[in-house]
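Enquirer:
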Amino acid sequence: MIGRDITIGQYLASDTLLHHVDPRLKVLAVIASTVLVFVYSGWALLAFAGLLVLLLVVARLPLLKVLKSLPTVWVIAFITFMLQAFLTPGEVIWHWGFLSITDTGLSNGLLFSGRILLLVVVLAALTMTTPPLKLADALESLLKPLSYLKVPVWRVTTVVSITLMFIPNILEESRKITRAQMARGADFESANLLRRVRDIIPVLVPLFVRVFRDADELAVAMDARAYAGGEKRTRLYPLKIGWKDSLGTVVFLAAALSLTLL
Amino acid sequence: MAEILSLESVSYSYPLPGEGEAAALREVSFEVEPGEVFCVAGPNGSGKSTLAQVCAGLLSPTGGSLLYGGEKVEGRSRLRALRKKVGLLFQSAEDQLFADTVEKDIAFGPRCRGVRGPELDQSVRGAAELAGLDLEAFGGRSPFALSEGERRRAALAGVLALSPDVLVLDEPFIGLDYEGRTHLAAALTGYRRDRGASIIVVTHELAGVWPLADRFAVMDSGSLLRVARREDLAGAGDELGALGMQLPDWAVLARELAALGAPPVNPSDPDALADAAGSVMGGRR
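Sequence order for the protein chains is A and B. Just so we're aligned, residue 34 is where the first sequence starts under our numbering, counting upward by one. Just so we're aligned, residue 726 is where the second sequence starts under our numbering, counting upward by one.
(1) DSSP three-state call for arginine 217(A): helix, strand or coil?
(2) Pairs of beta-carbons, one from the segment 858-867 of chain B and one from the segment 204-212 of chain A, closer than 8 Å: are there three or more?
(3) Would a C-beta distance cut-off of 9 Å place valine 891(B) and leucine 730(B) closer than the cut-off?
(4) Please list, in chain order, the chain B residues whose beta carbon lies closer than 8 Å to that of alanine 222(A).
(5) Compute the beta-carbon to beta-carbon distance between arginine 877(B) and glycine 905(B), rounded to the nearest angstrom, for a pair I have assumed lies under 8 Å.
(6) If we count the other Cβ atoms within 10 Å of its Cβ and call it buried at 16 or more, is glutamate 761(B) buried or exposed?
(7) Quick one: which unbroken alpha helix (DSSP H) runs of 4-plus residues sit fully inside the segment 166-250 of chain A? Chain order, please.
(8) Output, in chain order, the set of chain A residues within a Cβ distance shorter than 7 Å of aspartate 820(B).
(9) What is the rounded straight-line gap between the Cα of glutamate 981(B) and the Cα of alanine 938(B)?
(10) Between the alpha carbons of glutamine 778(B) and glutamate 124(A), how many angstroms are there, rounded?
(11) Within 9 Å of any Cβ in chain A, is that where the Cβ of glycine 1007(B) sits?
(12) Is the beta carbon of cysteine 780(B) less than 9 Å from the beta carbon of phenylalanine 941(B)?
(13) Please compile the residues from chain B whose C-beta is within a distance smaller than 7 Å of the C-beta of proline 235(A).
(14) For valine 735(B), would you say it is in contact with chain A, using Cβ-to-Cβ distances shorter than 9 Å as the test?
(15) Going by beta carbon distance, what residues of the same chain come within less than 8 Å of alanine 65(A), once the five residues before and after it are set aside?
(16) Kindly list, in the order they appear in chain B, the residues whose Cβ is closer than 7 Å to that of valine 242(A).
(17) Does the structure place the segment 180-199 of chain A close enough to the segment 136-151 of chain A that three or more beta carbon pairs sit under 8 Å?
(18) DSSP state of valine 54(A), grouped into three classes?
(19) Taking 8 Å as the limit between beta carbons, can you name the residues of its chain near phenylalanine 119(A), skipping five residues before and five after?
(20) With the cut-off set at 9 Å, would you say isoleucine 195(A) and arginine 57(A) are in Cβ contact?
(21) According to a CB-to-CB cut-off of less than 7 Å, which residues of the segment 881-911 of chain B neighbour chain A?
(22) Valine 884(B) and leucine 776(B): beta carbons closer than 9 Å?
(23) Which residues in the same chain as leucine 791(B) place their Cβ atom closer than 7 Å to its Cβ, once the five residues preceding and following it in sequence are excluded?
(24) How is the alpha helix (DSSP H) around leucine 87(A) delimited, first residue to last?
(25) Does alanine 781(B) get closer than 9 Å to chain A when you measure Cβ to Cβ?
(26) Check whether the Cβ atoms of valine 238(A) and phenylalanine 815(B) sit closer than 9 Å, and answer yes or no.
See the structure below:
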C-alpha cells in the first residue's frame, strides 16, 4: 500500500554508535568508502562489504528494511547484473538459444550490482545517522578552504541541507497527493501504462505548487528570523571531534585499507 | 435501516522510520446509514484523517474489516471498486486541483471513468451547481487564482462530479469565512437531498457541521469513545471540552431553553431560537 515505506535520505532519530560520531569524520569515511567500493573487487570487496555490514549491525541500523523499501535500487542492480552477465565476452557457462552467460559476465554482474547496493548502504548509513543540519555544518566545515577562492560555501551548504531536509517531506506530500487524486478518479494501479503516465500530471502540478509555496514561505520565515549565513553566523552546538570519534574512524579506515593486502 | 458502510474493529498503524509502528486507529467500530450525515469528531492527532482515508478505500486497514453494503472490502480489486462509490475531499483543496481551468479540473474524475461528450458537460455543470460554484464566472479561471473558499468549492465539485454514494469530507469548514461555510453547508444539504447520499464529515470544529449531522462519533488517540445522536451529544459539553472541542454557543442555548420548557428548535436558526427564548420568557421577544 502507498505510504508505508522508509525513504532514502531520511534521518532516523535514534541513539546508535554512529549517531554520536562527528559528522565531518562520517563524511570523510563515506568518501573513503565510496572510493574503496570502486577500487576493490573480488575477495577484498566482499571483505569490505562484511566490514560495513558488521559496523552497521553493531550500530543497530535497520538497513535491510531500508534496502527492502527501495525497489528502484534493486531494479537498477538487477538490470546491471543482467546486462553484464549476458553481454560480457568470456567463457560460456550457460547457453539457451541466442542467450549465453559467460564466467566473466557473471563475476562482473555480481561485482557491479554489488557495488551499487554497497554505495546505497553507505550513503543511507550517513543520512540515517546524521541530522541534515549537522550534515550541512560538516560540509561547510570541510569545504571551508574553498571560501578563500571566493566560493560562497555557506550558500551551497544551506541549499544542500534544505534539499536533504525536504526530500522526505516531498515524498510524503507526493504520496498524499496521489491518494487525493485517487479519491477523485485517478487510477495509479491501472494495468494500462499510458494511463498511469497520464495520471502523473495531476500529482506533479499540486506537488510543484506546494513545493514552490513551501520554499517561498521558508525563505520569508528565515528572513523574518534574521537568518544570516557566512562568517557572522555562530552555532549553539559547535562541532567537536572527540578522541573516541577519531580512534573509531582511524580503526575503521585502517581495517578498510588493510583489505588491499587480500 | 441496512447500513451502507461499516467498520468492524478497524485498526491502522503507520510504520515508523526504522523499527516499530504508530497506531493511528485502534479497533474502531461504527456503521453509517444510507442518507445519513455522520460526523467523526476528535482533537488533532485522534486518527480522523486516517479514518477518512480508510473509509474511502485509500488506506487498507491493518486490522479488523471494512464493509460496504454488507460486503467485506478485501483485496485490491474491491478497494478499487470502493473508491468508485466513496468520494473524499481532502482538507487541503490544493492537493486535488491541478488543471489549467476550473472546468477542466471538475471534468477530470468523470473523464477518468470514460465519460465524454454531453454527458460529461452535464455532470460538470451539475457538480458545479451542487457545490455552489458559478461555472460561467469561474469555469475558465485557473483554480490557483481562486480564494480559499472558492477553491474548496471547486475541489468539492471535482469530487461530486463522480456522484459518490458516500461523500467523505476532511475538515471541510476549517479556514472558511461565514459565507464560505454557509455555501458549503447548503451544498452538502443539497447533495444529500438530491442523491440520497451518505455524508461523513471528519472535523475537530463542531460549529459548521452541528446543524447538518445526525450522529457523531467522538474519537481520541485513535480510539472511538462513543457514537451519539446530536441531541444526546448536546449535553456532553464537558466531555468534549476535555478533548479540546467546543459545542457551538447556540447549541448550548437551545439545550438550556429546552430544559426550561421551550419546544425543540433547530439550533442554527436564529429566529427559531429567539421564538423559543420568547416562549420561555412569557411571549416576549
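Every residue, glycine too, gets a C-beta built ideally from N, C-alpha and C.
Expert: Reading off the structure:
(1) coil
(2) no
(3) yes
(4) Residue identity differs from the one stated: residue 222(A) is glutamate in this sequence, not alanine. Going along chain B in sequence order, the residues near glutamate 222(A) (Cβ under 8 Å) are Arg801, Arg805.
(5) 7 Å
(6) buried
(7) 177-180, 186-215, 226-231
(8) Lys209, Ile210, Ala213, Pro239
(9) 20 Å
(10) 56 Å
(11) no
(12) no
(13) Phe823, Phe833
(14) no
(15) Leu286, Ala289
(16) Glu819, Phe869
(17) no
(18) coil
(19) Leu132, Ser133, Ile134, Gly138
(20) no
(21) Gly883, Val884, Leu887
(22) no
(23) Leu732, Val735, Val779, Val798
(24) 75-91
(25) yes
(26) no
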